[in-house]
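Following: one structure in structure tokens, then a few remarks.
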């Protein structure tokens, strides 16, 4: 997903001199300054206990909605088992709004987010809690080489974020932060840019095939708003409407819709050409879409839609992991039984069927791109068994993964 990465304005705080850094991977515009070092050390009188407990960074304005924070540093000194037990909570990152409210919080756990920095074996993992850790190189310190890691905190949508605070929780672990970056989701410039909660054009056919009523409503509202924002450019508005209807029609045809849809598109074009203003085009788009989609996705609504939309966003970000409806329900504050009821009411299908559809649709996208070997696709989308993946894929799309890839490769691409 396109993003804007902005380096944090480094505060004037006590720190340590910048050590020589050796990067083993390419990083998006790092800015290595004087390192900030947190309180720590194996004993109360250790010199590292003089370092501060809190690093506070101001979130720069004017870049959109904050989606994440990326920190590069030494995670962590004095984190070996003889000083600090596995599972200890060493630090917490909080996102604060202008009124002092906490918008998001992520805790750093020994053995999961950080460990002994003198262990130079590279790590790369997604932790399933909205964080990921990747080794990006080494840094030479007074104690010798240390592993240099990048921790990324996925904040979903921290709307109104003004400040990010990293707070050391007082354990022996001491963190050295060399660089911090804010990740903003790039602003959409047209109705089909899938940013800031919007639906992208390439997702629409998949949403139709999955019978995802909630996301489809979001897409339609998005398109109507885009039409009204065309500044009296009637041709652009009509083109937007026809593009949307064409992609919806494609999704219906791919899931067994009638060939009469082609005739519908011709009639839709005539009606849109007769519309006299943007409001008429917007309303007509909604009517035509309803006519197309009502047989397979009847209109529905629920005041709990926002919670279920959040659950779907969580699924989109972690579908490759072993997620369960119990876990998702807990994260949005619902009981499992109530969540299952609301989820089926919103999407028209049970959680596990939706998750299966989501994984298969993403596998379809990966295979069509031609960049990942078929043997790895099943694992990347969350299937434990390649045989199960192949059966499920063929059952949904009527073709095996290997044959699907062959028919969708561009000339010159391999068939690994």
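Residue numbers (this note's numbering): 349 to 764. Even for Gly, the Cβ is constructed at its ideal location relative to N, Cα and C.
Residue i: buried (16+ other C-beta within 10 angstroms of its C-beta) or exposed?
{"i": "residue 524", "result": "buried"}
{"i": "residue 563", "result": "buried"}
{"i": "residue 565", "result": "buried"}
{"i": "residue 387", "result": "buried"}
{"i": "residue 535", "result": "Residue confidence is low: residue 535 scores 46 on pLDDT, short of 50, so the model does not pin down where it sits. Its coordinate-derived value is still stated next. By the 10 Å Cβ count, residue 535 comes out exposed."}
{"i": "residue 463", "result": "buried"}
{"i": "residue 498", "result": "buried"}
{"i": "residue 389", "result": "buried"}
{"i": "residue 401", "result": "exposed"}
Can you tell me which of the three DSSP states residue i falls into?
{"i": "residue 550", "result": "helix"}
{"i": "residue 475", "result": "coil"}
{"i": "residue 751", "result": "helix"}
{"i": "residue 770", "result": "Nothing about residue 770 can be read from this structure; the chain reaches only from 349 to 764."}
{"i": "residue 502", "result": "strand"}
{"i": "residue 527", "result": "strand"}
{"i": "residue 641", "result": "helix"}
{"i": "residue 462", "result": "strand"}
{"i": "residue 430", "result": "coil"}
{"i": "residue 406", "result": "strand"}
{"i": "residue 566", "result": "helix"}
{"i": "residue 667", "result": "coil"}
{"i": "residue 455", "result": "strand"}
{"i": "residue 395", "result": "helix"}
{"i": "residue 537", "result": "Residue confidence is low: residue 537 scores 47 on pLDDT, short of 50, so the model does not pin down where it sits. Its coordinate-derived value is still stated next. Correct three-state label for residue 537: coil."}
{"i": "residue 739", "result": "helix"}
{"i": "residue 731", "result": "coil"}
{"i": "residue 583", "result": "helix"}
Compare the C-beta of residue i against all C-beta atoms of chain C and say whether one is closer than 8 Å.
{"i": "residue 561", "result": "The structure shown contains no chain C, having only a single protein chain."}
Got a sec? Which residues, its chain only, sit under 8 Å from residue i by beta carbon, not counting five neighbours each side?
{"i": "residue 663", "result": "671, 676, 702, 703 and 706"}
{"i": "residue 440", "result": "453, 454, 455, 456, 514, 515 and 517"}
Among the options, which residue has its Cα nearest to the Cα of residue i?
{"i": "residue 443", "options": "414, 421 and 424", "result": "414"}
{"i": "residue 371", "options": "440, 562, 526 and 635", "result": "526"}
{"i": "residue 609", "options": "639, 580, 630 and 629", "result": "639"}
{"i": "residue 481", "options": "626, 736, 612 and 422", "result": "422"}
{"i": "residue 357", "options": "392, 498, 429 and 405", "result": "405"}
{"i": "residue 431", "options": "465, 530, 418 and 696", "result": "465"}
{"i": "residue 383", "options": "488, 448 and 446", "result": "488"}
{"i": "residue 600", "options": "634, 623 and 555", "result": "555"}
{"i": "residue 711", "options": "742, 408 and 634", "result": "742"}
Can you find the residues in the same chain that come closer than 7 Å, C-beta to C-beta, to residue i, ignoring five residues on each side of it along the sequence?
{"i": "residue 744", "result": "708"}
{"i": "residue 720", "result": "714 and 728"}
Measuring straight from C-alpha to C-alpha, what distance separates residue i and residue j?
{"i": "residue 543", "j": "residue 731", "result": "With a pLDDT of 47 at residue 543, under the threshold of 50, the modelled position of that residue is not reliable, and the figure given next carries that caveat. If I take the Cα positions, the gap works out to 27 Å."}
{"i": "residue 537", "j": "residue 548", "result": "Reliability of the predicted coordinates at residue 537 is poor, the pLDDT of 47 falling under 50, and no value is obtained from them."}
{"i": "residue 767", "j": "residue 680", "result": "The requested residue 767 is not part of the displayed model; the chain covers only 349 to 764."}
{"i": "residue 652", "j": "residue 755", "result": "41 Å"}
{"i": "residue 629", "j": "residue 561", "result": "22 Å"}
{"i": "residue 632", "j": "residue 645", "result": "18 Å"}
{"i": "residue 510", "j": "residue 612", "result": "49 Å"}
Near residue i, which residues of its chain fall below 6 Å by C-beta distance, leaving aside the five closest residues on each side in sequence?
{"i": "residue 504", "result": "none"}
{"i": "residue 752", "result": "715"}
{"i": "residue 737", "result": "726 and 731"}
{"i": "residue 698", "result": "692"}
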